[in-house]
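*Asks:* Just so we're aligned, residue 131 is where the sequence shown starts under my numbering, counting upward by one.
The beta-carbon is built from N, C-alpha and C at its ideal position, and this holds for glycine as well.
Nothing here was measured: the structure is a model prediction, and the numbers come from that model.
Quick one: the structure is below, questions incoming.
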Amino acid sequence: MLFYAIEKVVGAGINEIGIIINPGEQEIPRVVGDG
131 MLFYAIEKVV GAGINEIGII INPGEQEIPR VVGDG
């Protein structure tokens with residue numbers, strides 16, 4: 131579901147996206163990487 135939202139944002143022409151996560155979150159950084 132996260133990637134669907136990112137694809138829509140990129141499709142709108144936005145190419146810099148920040149994702150704020152909770153301290154200790156491991157799954158999201160593992161999946162999306164660091165850039």
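Assuming Ile-151 contacts Ile-158 under a Cβ cut-off of 8 Å, what Cβ separation, rounded to an integer in Å, is found between them?
*Replies:* The pair is a contact, with the Cβ atoms about 5 Å apart (cut-off 8 Å).
*Asks:* Please check the pair Val-162 and Ile-149, which I expect to be a contact at CB under 8 Å, by giving their CB distance rounded to whole angstroms.
*Replies:* The Cβ separation is near 7 Å, so the contact holds.
*Asks:* Report all residues from its chain with a CB closer than 7 Å to the CB of Ile-136; omit the five preceding and five following residues, and keep chain order.
*Replies:* Taken in chain order, the residues that qualify are Ile-147.
*Asks:* Who are the Cβ neighbours of Ala-142 in its own chain at under 8 Å, not counting the five residues just before and after it?
*Replies:* Taken in chain order, the list of residues that qualify is empty.
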